[in-house]
Amino acid sequence: MIFGKKMRNILFMVSIAVLICIPFVIQERTSNVVASDQIAKVEAKQPNEKVTMTATELQEKLDAILSKSQLQGTSTGISIRNANDGELLYNHSGEMRLHPASNQKILTAVAALSTLGEDHRFTTQVLTDGKLKGKVLQGNLYLKGKGDPTLLKEDLDHFAKQLKEQGIHKIKGNIVGDDTWFDDVRLATDINWDDESNYTAAQISALTLSPNEDYDSGTVIVQVLPGEKAGDNPKVVLSPQTDHITINNKAKTTAKGTSKQISVQRDHGTNTITISGNLPLDSSSKSWVAVWEPTRYVVDVFKQSLEEQGITMIGNSEATIGKTPKDAEILTKKDSMPLKELLVPFLKLSNNGHGEILVKEMGQVIKKEGSWDKGLDVVEDVLINNDLAMDTIRLRDGAGMSHKNLLPANQLSKLLFEIQDESWFPEFKNALPVAGEPERLVGGTLRYRLTGEATKGNVHAKTGSLTGVNTLSGYVTNKDGEKLIFSIMMNNYIQGSMPQIQDAIVTALAEHSFEE
């Protein structure tokens, strides 16, 4: 009994001591939290990740933007990182696999710079397996393409002029277009049949031609001008002029001030372009149309360039396609601009043809096969080398036209972080559209967006758009001078302005301060 009483006394004294100490323990823990707040750091729920208190304020701002009613029913992934250390500052379904649309071009550009190099050039050659006898070339003339998407009619004219200067006035042989540098698969797997006439889905060939310095390879410009009077068929002008195209003109010229309703479509599987509708006397129309079989298109235009220089074909000569013999002699050639310059129209103008040509070029140069399969293997290798998770990414093309491409926003923002130390990164960033800059080859697809004081000239980002898909990913500097990386992907919407919401998000990033 005495022992029990003593034990009760001891336990009582211990309990009193514990009660006395508890306030100090609580005070110490509270003090730690306050001190942590003062240095703007608190532990996040996920291990090894921290978030600033001002980042929490940023989260509230972005969450408020994402509460817009037009986002109901959409799939939206957003990833915001600190550009200095890659820290994830905001993550809204960032691991959700979404269609990137033309944000896919970021992957293609990064892979091309990593493997081909910023100084890589495409080459077009003119060769022969014959001999010059007097003024007659006795043998075939080969135009061998190696993927140059910047080849213009002026280049073919220059080739013809150089051949004339070498003494060639007649060709007793064929003019042969050689596109064997790439395979003969013209369209990426997931191109819709009703897109085939559009310049955004132009066929891919190693021998291709662009109608102007936008370099939309494999296309022809169709300009429709009013006739002399109402009721006449409009006039149609092709650039470049080519016999490879047949015009079926069903349109009518109408009185001034009437409604303009013009349709310009290439009939499926042909090079017949049908023009229908009404064109007022005080109006005009210009369209870029993808040609069927771009190799034959180039050969036809080259033949015209030769004829314009007075070089004629004799005997049973014809313009055709084929393969250049290994022992053929090079008569003249043209190298394209370097890749670092080609990236400007590719990314700023979102040129789909360039994306697919770059994929096939990577396949040929790295894997010795100019195909989509081998080229996409090269892209995948580059992404793996940048520590991206390929088990959550699907690659189907180089331009982003496919609705089967899948890419989480967190993976794209990670890639944009990883490449910053590359020697070619300044060239890559320079090729991205710059917000609010009106010059077409500076602002690109962002020249009319994000024009506010905080964002104009500050945002470098790639846009993307497909039916039901809108994306924007790139770089922005905030109010503190701190660089941020963002990737915004919006899928499965039917109505509403997704760019408007994206611009609100990026503006919030530009105006945000982590120091206040």
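Mapping to our numbering: the sequence shown position 452 is 457, numbers consecutive. Ideal Cβ placement from N, Cα and C applies to all residues, glycine included.
Asked	Found
Can you tell me whether residue 153 is helix, strand or coil according to DSSP?	coil
For the alpha helix (DSSP H) that residue 358 lies in, which residues bound it at each end?	357–372
Determine the direct distance from the alpha carbon of residue 511 to that of residue 2, and round the result to whole angstroms.	Examination of residue 2 is not possible in this model, given that the chain is present from 6 through 521 alone.
Can you tell me whether DSSP reads residue 27 as helix, strand or coil?	Model confidence at residue 27 stands at a pLDDT of 37, short of 50, so the residue's coordinates are unreliable and nothing is read from them.
Can you tell me the Cα-Cα spacing of residue 290 and residue 427, whole angstroms?	44 Å
Which term fits residue 198, buried or exposed, when burial requires 16 or more other beta carbons within 10 angstroms of its beta carbon?	exposed
If you run the structure through DSSP and keep just helix, strand and coil, what is residue 324?	strand
Would you call the stretch 437–448 and the stretch 223–232 touching, i.e. three or more CB-CB distances under 8 Å?	no
Please list the terminal residues of the continuous beta strand (DSSP E) segment that includes residue 183.	180–183
Assuming contact is defined by CB atoms lying nearer than 8 Å, are residue 328 and residue 200 in contact in what I supplied?	no
Using beta-carbon positions only, say whether residue 338 and residue 129 come within less than 8 Å of one another.	yes
Which residue or residues does DSSP assign as beta-bridge partners of residue 413?	102
Go to residue 259, then tell me how far its beta strand (DSSP E) extends in each direction, as first and last residue.	257–259
Where does residue 499 land, buried or exposed, given buried means 16+ other C-beta within 10 angstroms?	exposed
Buried or exposed for residue 48, please, with buried defined as at least 16 other CB atoms from any protein chain shown within 10 angstroms of its CB.	At residue 48, the pLDDT of 30 sits below 50, so the modelled position is not reliable and the matter cannot be decided from this model.
How big is the Cα-Cα spacing for residue 148 and residue 173?	15 Å
How should residue 389 be labelled, buried or exposed, when 16 other C-beta atoms within 10 angstroms of its C-beta is the threshold for buried?	exposed
Which term fits residue 520, buried or exposed, when burial requires 16 or more other beta carbons within 10 angstroms of its beta carbon?	exposed
How many Å lie between residue 268 and residue 233 at the Cα?	20 Å
Do residue 202 and residue 294 have their C-beta atoms within less than 8 Å of each other?	yes
When the Cα atoms are used, what is the spatial distance from residue 514 to residue 487?	10 Å
What residues in its chain sit with their C-beta under 8 Å from that of residue 489, if we drop five residues either side in the sequence?	85, 86, 87, 88, 94, 480, 481, 482, 483 and 514
Would residue 124 and residue 344 qualify as a contact pair, given that the criterion is a beta-carbon distance under 8 Å?	yes
Pick helix, strand or coil for residue 52, following the three-state DSSP scheme.	Note that residue 52 scores a pLDDT of 37, beneath 50, so its modelled location is shaky and nothing firm can be said.
I need the DSSP call for residue 176, collapsed to helix, strand or coil.	strand
To the nearest angstrom, report how far apart residue 137 and residue 312 are at their CA atoms.	18 Å
Based on Cα-Cα distance, which residue from 373, 494 and 298 lies nearest to residue 275?	298
Can you grab the Cα-Cα spacing for the pair residue 340 / residue 160, in whole Å?	10 Å
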